[in-house]
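Structure first, commentary second.
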Amino acid sequence: MDERELRLSRQVYRLRTFGLALGFLSVASVFYERGASRAAWGLLAAHGLVWPHVAFYRARASADPHRAERANLVVDSAMGGIFVALMAFALLPSVLLVAMLSMDKIGWGWRFLARACAAMAVTCAITALLTGASLRPNTSMPVLVASIPLMVAYPFAVAFVSERSGRMARERKKAVEQTAELREQLAHIARVGTLGEMAAGLAHELNQPLTAIHLEANTVMELNPAGLPEDVQESLSRIGEQSLRAGEIVRRMRTFARRGQAHREAIHVGQLVHEVLALLDHDLRLGGVDTMLLLPETVPPALVDRIEIQQVLVNLIRNAMEAMTAPAIAERRLTIGADAANGHVRVSISDTGGGVDPAVLARLFHPFQTTKADGLGLGLSICQSLVEANGGRVGAGPHPQGGAMFFFEVPSVPAQPHS
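Last residue of the sequence shown: number 427 in this note's numbering, and the count goes up by one each step with no gaps.
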């Protein structure tokens, strides 16, 4: 059996062993004072020394440890009723014994508590009838002293175990909720992956008609260039140019979606930025975002995998665009900069949005951490994994002029020594 399934049984076992040891002292003092029979002593020894281990073995061997422990706790209560009658209802030990056997069942529900108390009352009545027990409620000083550990220590033990049991229940509930949420997120990721494969296939299918449009437009212009009006020639020229542009966007989409082994090459980050901006040009114009590029030519090329860094740029730029969608943001400016230091190329993406809450900044790149109502919380985690796979690091922080700034650093190509 999984050890996690026995955590509750282990706690009950420890509490039962501790409680019966304390109860043994109290009941034994009454038995000794009042000259109990050997049968009563034997039953007390069996219950205090043997029963805790038998109960734990029953729970361990059961297919449902929780149900087995409920049955064991009812047996505890029933035995308590027997000892109350055998002690001739000695007041303090009987009250403490009943309290002890009721206290540890409150957390199992009121119905179960009532069931256990009923079992205790029935066995007490039956034992009193069978043994002819008299009612001697007085409590002597030796019995009072022997009952002090049960009166003081056991409530603290119950409180400690209840706190741990409550924490276990909360952890289990949280784990169940997280598992359900993770299942939904993984299903969504699977749908997104399927959509990506469909988009790659669609891009392949679109490439052929776009090429045909370009060829047809050029053919018309070459067959009769003099007989076409100037505005028609201009329109055909624009058709050919836009078909090439659309084909280039489709090519980039296919390249971005294509799977394959990581391949690092020396490439200028400015080139990657321009390719990604061309891919996101429609979204930028639709969102009314102004783009400012600070990409000096003195920045050395980086040694990275083109597709992986393009994916990082796409995620960070889209996040910046989404951060500026609020109507209250008047100026929507996206700033992309690059510089070099300490053998690395640093690329920064800044926006003029609402910024990042400092409370979530420390765990922003952890999986399933998101500030979006419909976000998965995987984009930044994937960015971090991709950048680290390329030998770099990624980070975020507030922008001095407002908004947020995300950056990543990747190794630059080592400078060649002059001969």
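Positions of the beta carbon are idealized from the N, C-alpha and C atoms, including for glycine.
None of the values given here were measured: they were computed from a predicted structure.
Sequence-distant residues of its chain with Cβ nearer than 7 Å to residue i (five each side left out)
{"i": "Met87", "result": "His55"}
{"i": "Trp49", "result": "Phe39"}
{"i": "Leu252", "result": "His222"}
{"i": "Asp313", "result": "Ala270, His271, Arg272 and Asn398"}
{"i": "Gly248", "result": "His222, Ala225 and Asn226"}
{"i": "Ala254", "result": "Leu218"}
{"i": "Met95", "result": "Val35, Val38, Pro101 and Ser102"}
{"i": "Leu372", "result": "Val364, Leu388 and Ala404"}
{"i": "Glu77", "result": "Leu16, Ser17, Val20 and Ala67"}
Whole-angstrom distance between residue j and residue i, CA atom to CA atom
{"i": "Phe416", "j": "Arg246", "result": "38 Å"}
{"i": "Asn226", "j": "Leu388", "result": "45 Å"}
{"i": "Ala161", "j": "Lys182", "result": "32 Å"}
{"i": "Val103", "j": "Tyr65", "result": "30 Å"}
{"i": "Pro308", "j": "Arg354", "result": "11 Å"}
{"i": "Pro366", "j": "Glu305", "result": "34 Å"}
{"i": "Ala346", "j": "Arg326", "result": "18 Å"}
{"i": "Leu292", "j": "Leu301", "result": "14 Å"}
{"i": "Leu51", "j": "Asp112", "result": "22 Å"}
{"i": "Gly209", "j": "Asn215", "result": "10 Å"}
{"i": "Leu342", "j": "Gln318", "result": "17 Å"}
{"i": "Gly117", "j": "Asn80", "result": "16 Å"}
{"i": "Ala62", "j": "Ala69", "result": "In the sequence under discussion, the amino acid at residue 62 is Val, which differs from the Ala named in the question. So the two alpha carbons sit approximately 10 Å from each other."}
{"i": "Gln392", "j": "Ile357", "result": "15 Å"}
{"i": "Met149", "j": "Arg22", "result": "29 Å"}
{"i": "Thr139", "j": "Ala67", "result": "32 Å"}
{"i": "Ala53", "j": "Ala29", "result": "10 Å"}
{"i": "Ser110", "j": "Val20", "result": "14 Å"}
{"i": "His290", "j": "Val281", "result": "15 Å"}
{"i": "Ala348", "j": "Val277", "result": "11 Å"}
{"i": "Phe120", "j": "Glu189", "result": "33 Å"}
{"i": "Leu244", "j": "Thr187", "result": "57 Å"}
{"i": "Ile390", "j": "Glu192", "result": "18 Å"}
{"i": "Glu242", "j": "Thr299", "result": "29 Å"}
{"i": "Ala47", "j": "Cys125", "result": "24 Å"}
{"i": "Gln279", "j": "Ile315", "result": "12 Å"}
{"i": "Glu238", "j": "Ala220", "result": "23 Å"}
{"i": "His352", "j": "Leu231", "result": "54 Å"}
{"i": "Ala141", "j": "Gly43", "result": "13 Å"}
{"i": "Ala338", "j": "Val297", "result": "10 Å"}
Anticipated Cβ contact below 8 Å, residue i with residue j, distance rounded
{"i": "Thr135", "j": "Ala93", "result": "4 Å"}
{"i": "Arg24", "j": "Pro60", "result": "5 Å"}
{"i": "Thr360", "j": "Gly405", "result": "Rounded, the Cβ-Cβ distance is 15 Å, inconsistent with contact."}
{"i": "Pro2", "j": "Leu99", "result": "Residue 2 is absent from the model: the chain starts at 9 and stops at 427."}
{"i": "Val395", "j": "Val320", "result": "6 Å"}
{"i": "Val151", "j": "Glu41", "result": "6 Å"}
{"i": "Gly400", "j": "Val418", "result": "4 Å"}
{"i": "Phe97", "j": "Leu137", "result": "Not really, about 14 Å apart at Cβ, beyond 8 Å."}
{"i": "Arg123", "j": "Val82", "result": "7 Å"}
Start and end residues, alpha helix (DSSP H) containing residue i
{"i": "Glu77", "result": "Pro73 to Leu94"}
{"i": "Pro308", "result": "Element bounds for Pro308: n/a, residue is neither H nor E."}
{"i": "Leu236", "result": "Taken as a continuous stretch (DSSP letters only), Leu236 belongs to no alpha helix (DSSP H), as it is neither H nor E."}
{"i": "Pro60", "result": "Trp59 to Ala69"}
{"i": "Val293", "result": "Per the sequence presented here, residue 293 reads as Arg, with Val not at that position. Where Arg293 is concerned, the enclosing alpha helix (DSSP H) stretches over Asp289 to Leu294."}
{"i": "Ala336", "result": "Ala336 -> no alpha helix (DSSP H), and no H or E assigned at all."}
{"i": "Val421", "result": "Where Val421 is concerned, there is no enclosing alpha helix (DSSP H), given that its DSSP letter is neither H nor E."}
{"i": "Arg272", "result": "Note, Arg272: premise wrong, no alpha helix (DSSP H); beta strand (DSSP E) at Arg272 to Ile275."}
{"i": "Arg46", "result": "Arg46 to Ala53"}
{"i": "Phe393", "result": "Here residue 393 is Ser; the residue named in the question, Phe, does not match the sequence. Run containing Ser393: Gly387 to Ala397, per the alpha helix (DSSP H) assignment."}
Sequence-distant residues of its chain with Cβ nearer than 8 Å to residue i (five each side left out)
{"i": "Ala129", "result": "Gly89"}
{"i": "Gly295", "result": "Met329, Met332, Thr333 and Arg340"}
{"i": "Val421", "result": "Ala274, Pro308, Pro309, Ala310 and Leu311"}
{"i": "Leu33", "result": "Ala154, Ser155, Pro157 and Leu158"}
{"i": "Val228", "result": "Leu236 and Leu244"}
{"i": "Glu256", "result": "Ala286"}
{"i": "Ala71", "result": "none"}
Opening and closing residue of the beta strand (DSSP E) in which residue i lies
{"i": "Asp112", "result": "No beta strand (DSSP E) holds Asp112; DSSP gives it neither H nor E."}
{"i": "Met128", "result": "Looking at the DSSP string, Met128 is not in any beta strand (DSSP E); the run it does join, the alpha helix (DSSP H), is Trp118 to Thr139."}
{"i": "Val402", "result": "Arg401 to Pro406"}
{"i": "Gly345", "result": "Arg341 to Ala349"}
{"i": "Leu301", "result": "Asp298 to Leu302"}
{"i": "Ser148", "result": "Premise fails: Ser148 is in no beta strand (DSSP E) and is neither H nor E."}
{"i": "Leu358", "result": "The question names Leu, but residue 358 is Ser in the sequence shown. Ser358 -> beta strand (DSSP E) spans His352 to Ser358."}
Sequence-distant residues of the same chain with beta carbon closer than 6 Å to residue i, five excluded per side
{"i": "Arg131", "result": "According to the sequence displayed, residue 131 carries Thr and not Arg. Closer than 6 Å at Cβ, skipping near neighbours: Ala86, Gly89 and Ile90."}
{"i": "Gly27", "result": "Met108 and Tyr162"}
{"i": "Gly363", "result": "Pro406, Gly411 and Ala412"}
{"i": "Ile344", "result": "Val281, Leu301 and Ile357"}
{"i": "Phe414", "result": "Leu324, Ile357 and Ala404"}
Contact test: residue i Cβ vs the ligand PLP heavy atom, cutoff 8 Å
{"i": "Ala93", "result": "Among the components modelled here there is no ligand, and therefore nothing to report on the ligand PLP."}
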